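Notes follow the structure.
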Amino acid sequence: MRIHQDKVEVPTGGPGPVDVTERVRGVVATSGVVTGMCTVFVQHTSAGLVIQENADPAVLRDLGRWLAKLAPESPEWEHDDEGPDDMPAHARSVLTRTSENIPIRDGELALGVWQALYLWEYRRRPHRRSLVVHVVGLASPGLGEH
Amino acid sequence: MRIHQDKVEVPTGGPGPVDVTERVRGVVATSGVVTGMCTVFVQHTSAGLVIQENADPAVLRDLGRWLAKLAPESPEWEHDDEGPDDMPAHARSVLTRTSENIPIRDGELALGVWQALYLWEYRRRPHRRSLVVHVVGLASPGLGEH
Amino acid sequence: MRIHQDKVEVPTGGPGPVDVTERVRGVVATSGVVTGMCTVFVQHTSAGLVIQENADPAVLRDLGRWLAKLAPESPEWEHDDEGPDDMPAHARSVLTRTSENIPIRDGELALGVWQALYLWEYRRRPHRRSLVVHVVGLASPGLGEH
Chain A
1 MRIHQDKVEV
11 PTGGPGPVDV
21 TERVRGVVAT
31 SGVVTGMCTV
41 FVQHTSAGLV
51 IQENADPAVL
61 RDLGRWLAKL
71 APESPEWEHD
81 DEGPDDMPAH
91 ARSVLTRTSE
101 NIPIRDGELA
111 LGVWQALYLW
121 EYRRRPHRRS
131 LVVHVVGLAS
141 PGLGEH
Chain B
1001 MRIHQDKVEV
1011 PTGGPGPVDV
1021 TERVRGVVAT
1031 SGVVTGMCTV
1041 FVQHTSAGLV
1051 IQENADPAVL
1061 RDLGRWLAKL
1071 APESPEWEHD
1081 DEGPDDMPAH
1091 ARSVLTRTSE
1101 NIPIRDGELA
1111 LGVWQALYLW
1121 EYRRRPHRRS
1131 LVVHVVGLAS
1141 PGLGEH
Chain C
2001 MRIHQDKVEV
2011 PTGGPGPVDV
2021 TERVRGVVAT
2031 SGVVTGMCTV
2041 FVQHTSAGLV
2051 IQENADPAVL
2061 RDLGRWLAKL
2071 APESPEWEHD
2081 DEGPDDMPAH
2091 ARSVLTRTSE
2101 NIPIRDGELA
2111 LGVWQALYLW
2121 EYRRRPHRRS
2131 LVVHVVGLAS
2141 PGLGEH
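The listed protein sequences correspond, in order, to chains A, B and C.
Our numbering puts the first residue of the first sequence at 1, with every later residue one more than the last.
Our numbering puts the first residue of the second sequence at 1001, with every later residue one more than the last.
Our numbering puts the first residue of the third sequence at 2001, with every later residue one more than the last.
Spelled out as structure tokens, the structure:
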């Protein structure tokens, strides 16, 4: 059994999803884990993780508009220290995930055909977001320990 | 420490929850893990996982109607390649989970008295949904490695 | 590799968030795990987990009001066996999490600077809530097995 943990920094360019699947795949490849689990954790409360369809970009546009409707900018929010997009960002992060798990099979992320992992930036301004990628499982026979 | 991974196919009969707790219990029993963690992952973005009350079926009916209100069928969605239920299904999958974790204690899923794990189908038509069930932990003394 | 599992009982005083970060930290410290993963699971369907900002309490007040708007008390709910706050509590638990994962690095929860883990009580009356805290990973060299 082996554990491999890595920090991944993701620059964001304002509101919207950033596909981080390849970055996570890179960590899994480095880990040498063939059968196991990959958990991705975002160290922020104004951005979130979501696994969604990667085929038609209209899906992501629709989701962005819909999240903005469920948690809109509004003078009703009490907390607005960093502007009108501050509190809606926290609320949208509650609707999505702080961590996502993806099983590893045959050395690959066991995503469905149309699934990708997105880091969703909810603030207006570009940020640098930190992910912790944690991989645990059995390494391939050729690579060593079990 | 042992890892056991299995794929479980779940047929759905149109919109609504399917209790998959027994299927997952079967994988845990096969794994031989006595103290550990079970993670269930759904390989689709138009169905979701949710742990909810299994006592009164009215809870599930209420949740179905409420999810449909938060993410309704509407001409406002841009993405409608597969019909009016396409995009609401993606949105409802965001509100629920792509993966759920359930600890294993004494060889059993450590669910609360009223908890069950549901796969929620969000598309109108029946589907065949794939779950990956990942179990990791310590096997019972009689069964082998630690 | 070691596994440590503990049950944590959390008294709640009616609707609102309870910061359980220190309780979880205590379990991690006892486990002796230095590099690993901590998963917290709530054994109820009318309370939920959420990782959110711990700096300004107004964030939590805003989130409470917003969750109450998305899943309000209403005569439209079919299930009301335990009163008008029964079904909204289930719905709010769907919007938040039954389990949360937090990586462990250098023997510490790898939370971001402003992150804390909250157990959110959604029922009007105080409850006693059960959490299962599951820790798995590599122990420090001085402490033993790898």
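Glycine included, C-beta positions come from ideal geometry on N, C-alpha and C.
Just so we're clear, the structure is a prediction, and the values are computed from it rather than from any experiment.
C-beta contact flag for residue i and residue j at 8 angstroms
i	j	result
B/Gly1137	B/Val1034	yes
C/Pro2103	A/Gln5	yes
A/Asp62	B/Asp1081	no
A/Thr45	C/Gln2115	yes
C/Ala2047	C/Ser2093	yes
C/Thr2021	C/His2127	no
A/Gly16	A/Ala139	no
C/Leu2095	C/Val2008	no
Nearest-angstrom Cβ-Cβ length linking residue i and residue j, presumed shorter than 8 angstroms
i	j	result
C/Val2133	C/Val2040	5 angstroms
A/Leu117	A/Leu49	7 angstroms
A/His90	C/Glu2053	6 angstroms
B/Val1059	C/Met2087	7 angstroms
Buried/exposed call for residue i, threshold 16 Cβ in 10 Å
i	result
B/Glu1145	Unreliable positioning characterises B/Glu1145 in this predicted model, as indicated by a pLDDT of 41, which lies under 50. A coordinate reading is not provided.
C/Gly2142	Unreliable positioning characterises C/Gly2142 in this predicted model, as indicated by a pLDDT of 44, which lies under 50. The coordinate reading is nonetheless provided below. Result: exposed.
C/Ala2097	Before going on, a small fix: residue 2097 of chain C reads as Arg here, not Ala. With 16 or more Cβ atoms within 10 Å of its Cβ, C/Arg2097 is classed as buried.
C/Gly2014	exposed
A/Asp106	exposed
B/Arg1002	buried
A/Pro75	exposed
C/Glu2078	exposed
A/Arg129	buried
C/Arg2123	buried
C/Val2135	buried
Within chain D, the residues that residue i reaches when beta carbons sit closer than 7 angstroms
i	result
A/Gly137	Of the chains in the structure shown, none is chain D; the protein chains are A, B and C.
Would you say the segment 1068–1077 of chain B touches the segment 2019–2028 of chain C, given that touching needs at least three Cβ pairs under 8 angstroms?
no
In chain order, each beta strand (DSSP E) run of at least 3 residues that lies wholly inside the segment 23–70 of chain A:
33–42, 47–53
Complete alpha helix (DSSP H) runs within the segment 68–100 of chain A (minimum length 4 residues, chain order):
86–95
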